[in-house]
Structure formats: C-alpha cells, structure tokens
Amino acid sequence: MEPRLTADFWVRAYLARLQAAHVPAYVTARGDATAGAVLVKLATLDGKARLYQRSFDLMTGTRAWVVLAEGPEADVDSAVSRQRRTDPDLWVIEIESREGRTLLDEEGLSS
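Set out below in structure tokens:
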C-alpha cells in the first residue's frame, strides 16, 4: 500500500503553493485532519464556478482531479452543500481566480 499524506498536511501544502503563485484561496470547511477528502471550488469572479474532486481511475490505477460541478456559482455552492451533508469529514478549499488557475495540474498535485 502506498503511503499517503494526511489531508491537513496536503491542504496546508496546497494553500502554500497557491499563495506563492499569488492565487487567493481559503479553507471554507475543515474536514478530518487525517483522512478527509478534499473539494476545490474555483470561483472565476464572474458569477460562475467549478468544483473539483480527486478521483481514482480503476483502469489505470492513477488519481486525477475531475470536475464534479460547474456553472452558476450558486449551483456549485449547492453541490458543495450536498457533498458536505453526506460527508462531514470533507475539506473545501475556495480559490478566487479570474484566469481559472487552480494549479491542480501541476506536479505533485495532479496525481
């Protein structure tokens, strides 16, 4: 079994990378420090948003960030609320970026 980072450690490292890239980000919901899953909400500041979750591909054995919801920000917020109701251990990070920068495709974050 491959060793995994705790959710708290990963979130802190991700926020530090975003800060270094001058991308505003906030933790809007704290989940389980050890094993909580993470959602990343990207608000593009034009009334729209996109919600990412990390998914495991059974065919390739890899992890990737996939879009869980996108569209009007209120709709994406509703999707976050639904996910939080079913998983109270869930972390939610909100990013504000007109350019749509999440850094999720960068080395160390993409898989």
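Counting from 6, one number per residue, gives the positions in the sequence shown under the numbering used here.
C-beta atoms are modelled at their ideal positions from N, C-alpha and C, and glycine is treated no differently.
A quick note: this is a predicted structure, and the numbers were derived from the prediction, not measured.
*Select from Val43, Thr107, Ala48 and Arg90 the residue whose C-alpha is nearest the C-alpha of valine 81.*
In the sequence shown, the residue the question calls residue 81 occupies position 76. Closest option to valine 81, Cα to Cα, is Ala48.
*What residues in its chain sit with their C-beta under 6 Å from that of tyrosine 31, if we drop five residues either side in the sequence?*
Indexing the sequence shown from 1 puts residue 31 at position 26. Cβ neighbours of tyrosine 31 within its own chain (closer than 6 Å, five residues either side excluded): Glu99.
*How about alanine 124 and arginine 106: do their beta carbons lie closer than 8 Å?*
Limits of the chain in this structure are 6 at one end and 116 at the other, which puts residue 124 out of reach.
_Checking 8 Å against the spacing of the C-beta atoms, do alanine 12 and alanine 40 come in under that value?_
Locating residue 12 in the sequence shown gives position 7, where the first residue counts as 1. Locating residue 40 in the sequence shown gives position 35, where the first residue counts as 1. Cβ distance < 8 Å, so alanine 12 and alanine 40 count as in contact.
*Where do the N-terminal and C-terminal ends of the beta strand (DSSP E) with threonine 33 fall, by residue?*
Locating residue 33 in the sequence shown gives position 28, where the first residue counts as 1. Unbroken beta strand (DSSP E) run through threonine 33: 30-34.
*Between the Cα of glutamate 101 and the Cα atoms of Arg68, Gln24 and Leu10, which residue gives the shortest distance?*
For the purposes of this step, residue 101 is taken as the residue at position 96 of the sequence shown. The shortest Cα separation from glutamate 101 among Arg68, Gln24 and Leu10 belongs to Gln24.
*Going by DSSP, which residues form a beta bridge with valine 72?*
The residue you call residue 72 lines up with position 67 of the sequence shown. Paired residue(s): Tyr57.
*Whole-angstrom distance between alanine 74 and methionine 64, CA atom to CA atom*: Taking the sequence shown and counting its residues from 1, one reaches residue 64 at position 59. Taking the sequence shown and counting its residues from 1, one reaches residue 74 at position 69. C-alpha separation (whole angstroms): 23 Å.
*For threonine 11, the three-state DSSP class (helix, strand or coil)*: As a first step, residue 11 is located in the sequence shown; it is residue number 6 there, counting from the start. Coil, per DSSP.
*If you run the structure through DSSP and keep just helix, strand and coil, what is aspartate 51?*
Within the sequence shown, the letter at position 46 stands for residue 51. Three-state result, aspartate 51: coil.
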